[in-house]
Amino acid sequence: MKALKDALSFADLPASERIGFAIFIIFCLIFPWATKGSFAQAVMIQFLIFCLYGLGWNLIGGYGGQVALGQAKNVGMSAYTVALFMVWWDVPFWLSTPVGVIIATVESFILGYFLFRLKGHYFAIATICVSLVWQQLFVNWELIGGARGVELPLKETPNFVYMQFTSPIYYHYFAFLLVMAAILFMNWFRKSRLGYQLRAISSSEAVAESLGINIHWVKVKAYCITGVFAGMGGAFYAVYYNYIDPFSVMHLELSIMIALMTMIGGAGSMWGPIIGAMILIPMDRYLGAWLGAIGITGVDFMIYAFMVMIIAAYEPRGIWGIIEKARRKP
Amino acid sequence: MEMLLSATISGLLMGMLFALVALGLAIIFGVMNIVNFAHGEFLMVGMYAAFLTATGLSIEPLLTLPVSAIICFILGIGSYYLLVRYLLRGPMLAQLLGTFGLMIFIRYLAMAIFGPDYKTLEQGLLIGKSIKWGPVVLSYSKLGTAVISVMAFGVIYWMINRTRLGMALKATALDVEAAGYMGINTEKMRGLAWGLGGATVGIAGALLTNFYYVFPTVGMLFVMIAFATVALGGFGSIKGAFIAGLIMGLIIDIGGTYVGPQFKFALIYLTFFLVIIFRPQGLFGW
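Taken in sequence, the protein lines are chains A and B.
Position in the first sequence (from 1) plus 23 gives the number in the working numbering.
Position in the second sequence (from 1) plus 224 gives the number in the working numbering.
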């Protein structure tokens, strides 16, 4: 009960943040009605998916300070579970999603249990290695489609059970619900025991340990929650696009993108991942579409790499850090 | 048996190159405890420098070694003074993602300039020739690469252990403050570590151009091998990097022969994973 109250109460935030949050909600609610362009709607849904990933990554990477660069494998596992269950046994979305999320979480648990014996750079590199192993396995594993990927069979009529709709509006609102749930969870999380423990670990492991926090266990728990977020995002991704391949859901580039996005927005702050996604995703899609049309590729990645370098060098708390600094001054 | 023999020899030869790639990473990590994610991109820059000089001036590819070394030396020093110096003040997350940003920046810059195509050298002293030695076929390019790699490795090893400059570098690695009190310009030493890291990997890149494709994303593969190598050898250990490089070469070639070529890099990651779980300090780490 207390947890629910904590999740729903934003009273401890300054008024400006509450107003910003309200504007965000209203914007997301009216967006599908205010725009007719299908590209804009697709970008919006992408934005919501990345919000979900970013909010999850923020837990381990931002609050916990552990640079885990392997979100994509959790996204991929869940997406593949949903897709393959449907292809092989015609299992509806609502039944396969819990399985997918559980698989992603269990993988996170096992991996976290071993990998959190490592610290800092070692941990980061190890997570990259593991994601590359998964990536190669998925590319070469013929049983699950290999490099060709998996196509979800289409039903004849729009179908709630399989989450197949003709209009993107339904997907938009479903993604929005997921993001809202994630935000409420994070709102609870930052006031929870686990949240304080994780932040203590991030600022000093030695102090946290001397206070009696079981560092290893807290990190593993946070990593599992991150896996749940990624798993939800992956399951949604599979039904939204109706097609997945190892390059879209399993790729290291996705993990990198999630981390960079959160870092730019502000790792370790409540709104950082959303701000990051708000800047990067539209920029990525529109710039990518525009530059792709005139035949230049990769400039978009250069721009955010540049942003990340600047932010890492001068303001490691990201755009949110800049906002907070400006707010404190007057 | 013949297969095993030729895989072993080719693995050892490649291992010497991997050791040279890992050397720069080990130096940088040893001196300032920062992992250079952009290391593979330095290799790629070295490869393009060698490739473009060799084809542009139509000279012998081996003569491009100094060009690549100098370009990557400047790249390393530049990265230190423009970026890494500032990263060192921040938390670890910023350090990690900062060099990560550098990696992506250089990679996509190369992609924008050179395009995603694979390029290879066709003319050269070592290219396309091989000797038969019993059942084993040895290509000149791999043999020459291995010899030059070991020489370069030896020079750096000598420099670090026997010269005043190397001693200063080692002192900075052990304790920055104490080294500063002894009158060592530690800031310069850190810059030098990046320069040396760049130069060694530049040489490796120029050598690699003799028998490998040049393309913008080539760095990822080799940087992962290099990470695995330094992890196995012990981060910051130069002797460890050499022995681990040989082991990595053997794993790739023997593993690739018996398990299947598409999984040979997965084997590297798996090795790395096992090492880091069971012996996080590596073979020679401290």
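The C-beta atom is built at its ideal place from N, Cα and C for all residues, glycine as well.
Since this is a predicted model, take the numbers as computed values, not measurements.
Looking only at B:G280, B:L491, B:G404, the smallest Cα-Cα distance to E346 of chain B is reached by B:G280. For G288 of chain A against I279 of chain A, the beta-carbon gap comes to about 15 Å, at or over 8 Å, which does not count as contact.
Interface with chain A (9 Å Cβ-Cβ cutoff): R414 of chain B is excluded.
For S354 of chain B, the pairing in a beta bridge is given by DSSP as B:S363.
Contact note: Q159 of chain A reaches chain B through Q486, F487, F489, A490, Y493, using a C-beta cutoff of 9 Å and chain order.
Between the stretch 320-327 of chain B and the stretch 462-476 of chain B there are fewer than three inter-stretch CB-CB distances shorter than 8 Å, so the stretches are not counted as touching. Runs of the alpha helix (DSSP H) lying entirely within the stretch 316-349 of chain A, each at least 4 residues long, are 322-337 in chain order.
Spanning the alpha carbons of M209 of chain A and I492 of chain B requires a straight line of approximately 37 Å. Taking a beta-carbon distance threshold of 9 Å, V153 of chain A counts as an interface residue toward chain B. N210 of chain A sits in a helix when the DSSP states are folded into three classes.
K343 of chain B is bridged by DSSP to B:V438. Residues are counted here when their Cβ sits less than 7 Å from a Cβ of chain A; for the stretch 384-399 of chain B the count is zero.
Burial is judged here by how many other beta carbons sit within 10 angstroms of a residue's own beta carbon; W80 of chain A has at least 16 and is buried.
Taking the CA atoms as reference points, I355 of chain B sits about 16 Å from V371 of chain B. Short of 6 Å from the beta carbon of A258 of chain A, and not among the five residues preceding or following it, lie these beta carbons of its own chain, in chain order: S101, V105, T120, G123. In its chain, beyond the 5 residues on either side, D307, L310, G311 have a beta carbon closer than 6 Å to the beta carbon of D323 of chain A. Residue burial is scored here from C-beta neighbours: W117 of chain A has fewer than 16 other C-beta atoms within 10 angstroms and is therefore classed as exposed. Apart from sequence neighbours up to five positions away, the residues of its chain that approach D268 of chain A with a beta-carbon distance below 8 Å are G168, A170, R171, G172, V173, ordered along the chain. Annotation for E130 of chain A: K96, N97, M100, G250 place their beta carbon closer than 8 Å to its own, counting only its chain and skipping 5 residues before and after.
Annotated three-state conformation of E179 of chain A is coil, per DSSP. Under the Cβ distance rule, R503 of chain B does not count among the residues neighbouring chain A, no pair being separated by less than 9 Å. Across the stretch 34-61 of chain A, no CB contact with chain B closer than 9 Å is found for any residue. In the structure shown, Q505 of chain B falls within a coil segment according to DSSP collapsed to helix, strand and coil. Taking C-beta atoms as the reference points, T150 of chain A and L138 of chain A count as a pair closer than 9 Å.
Selection A:G77, A:Y136, A:A34 evaluated against V202 of chain A yields A:G77 as nearest (Cα-Cα). According to the DSSP assignment, I281 of chain A belongs to the alpha helix (DSSP H) that extends over 275-288. In terms of beta-carbon proximity, M186 of chain A stays away from the interface with chain B, with every pair separated by 9 Å or more.
Minimum Cα-Cα distance from F73 of chain A among the listed residues A:D35, A:I281, A:P191 corresponds to A:I281. For V243 of chain A, not one C-beta of chain B is nearer than 9 Å to its own C-beta.
One Cα belongs to Y266 of chain A, the other to L362 of chain B, and the distance between them is close to 46 Å. Against G321 of chain A, the close residues of chain B are Y332, M335, A336, in the order they occur along the chain (beta-carbon pairs closer than 7 Å).
Between L320 of chain B and V447 of chain B, the CB-CB gap reaches or exceeds 9 Å. Neighbours of A335 of chain A in chain B, taken as residues at a C-beta separation under 7 Å, are given in chain order as L311, G314, A318, L321, G322, G325.
Within chain B, the residues whose beta carbon sits less than 7 Å from that of F324 of chain A are I328, Y332, listed in sequence order. Check the Cα spacing between I337 of chain B and each of B:T481, B:Y305, B:L431, B:Y272: the tightest is with B:Y272. Shortest Cα-Cα distance from R213 of chain A to any of A:M186, A:M293, A:H274, A:A261 involves A:M293.
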